[in-house]
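>
Residue numbers (this note's numbering): 1083 to 1267.
#1: If you compare alpha carbons, which of 1238, 1189 and 1084 is closest to residue 1217?
#2: From which residue to which residue does the beta strand (DSSP E) around residue 1170 run?
#3: Within a Cβ cutoff of 6 Å, which residues of the same chain sit near residue 1213, ignoring the five residues on either side of it in sequence?
#4: Relative to the C-alpha of residue 1225, which candidate in 1179, 1210 and 1242 has its C-alpha closest?
#5: Relative to the alpha-carbon of residue 1148, which residue among 1130, 1142, 1235 and 1209 has its alpha-carbon at the smallest distance?
#6: By a C-beta neighbour count over all protein chains shown, 10 Å radius and 16 as the cutoff for buried, is residue 1243 buried or exposed?
#7: Below 7 Å CB to CB, which residues in the same chain sit around residue 1182 once its five sequence neighbours on both sides are set aside?
#8: Within 10 angstroms of the Cβ of residue 1196, are there 16 or more other Cβ atoms? Answer buried if so, exposed if not.
#9: Would you identify the three-state DSSP class for residue 1188, choosing helix, strand or coil?
#10: Buried or exposed: where does residue 1205 fall if 16 or more other Cβ atoms within 10 Å of its Cβ makes it buried?
#11: Please return the same chain residues whose Cβ sits closer than 6 Å to the Cβ of residue 1209, not counting the five positions on each side in sequence.
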């Protein structure tokens, strides 16, 4: 009987831990994408529904199109179920960002945010942009061709901010006029 009680307690604890982990996963996103399983000319479509997260693309090949569509907290929705829709996104590449280029796709036009980093180049900076209400934007990662099989990782963190963050957090980090963020430490 004691053994059965112990097992039930352990199962309850495991279930609680799993629930906590699931709640944490809802708040952030972290993905590891192995490029070796992709066809060289393919574009993988990914939707990012979290307001912050990270992406590690190992051995980049082909391309990734990342749709930015965060699930807004209920306080972000105003009267009548609407919000201002203004979202500012910041992207911080890792110091080892290598093997791909990161573009902002806005209304079908690509703008280079982060180029493939050479070993001698300085670490890439944080890049920020805003999305206007009704505007469709996405991040587009394109692998750069390489002849060797050395390890490459296109890794970055992202954070989406909107007018809802001012209502949720008292210590939000402002974005400077140069388009860089004090966030994403």
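Glycine included, every Cβ here is placed at the ideal spot set by N, Cα and C.
Small disclaimer: the values here were computed from a predicted structure and weren't measured.
Judging by the given coordinates:
#1: By 1-based counting over the chain shown, the position of residue 1217 is 135. Nearest C-alpha to residue 1217: 1189.
#2: The residue labelled residue 1170 in the question sits at position 88 within the chain shown. For residue 1170, the enclosing beta strand (DSSP E) begins and ends at 1169-1175.
#3: Walking along the chain shown from the start, residue 1213 turns up at place 131. Cβ within range, chain order: 1169 and 1219.
#4: Stepping through the chain shown from its first residue, residue 1225 is reached at position 143. Restricting attention to 1179, 1210 and 1242, the CA atom closest to the CA of residue 1225 is found in 1179.
#5: By one-based count along the chain shown, residue 1148 stands at place 66. Out of 1130, 1142, 1235 and 1209, 1130 has the C-alpha closest to the C-alpha of residue 1148.
#6: Here residue 1243 corresponds to residue number 161 of the chain shown, with the count starting at 1. Burial of residue 1243 is indicated by the presence of at least 16 other C-beta atoms within 10 angstroms of its C-beta.
#7: Within the chain shown, the letter at position 100 stands for residue 1182. Its chain contains 1139, 1142, 1198, 1223, 1224, 1225, 1226 and 1236 as the residues whose beta carbon lies nearer than 7 Å to that of residue 1182, once the 5 sequence neighbours on both sides are disregarded; these appear in chain order.
#8: For this step, residue 1196 is matched to residue 114 along the chain shown. By the 10 Å Cβ count, residue 1196 comes out buried.
#9: Here residue 1188 is taken as the residue at index 106 of the chain shown, counted from 1. It is a strand residue.
#10: What you label residue 1205 is simply residue 123 of the chain shown in a count that begins at 1. Label assigned to residue 1205: exposed.
#11: Along the chain shown, one-based indexing puts residue 1209 at 127. Once the five neighbours on either side are set aside, the close Cβ partners of residue 1209 are 1173 and 1195.
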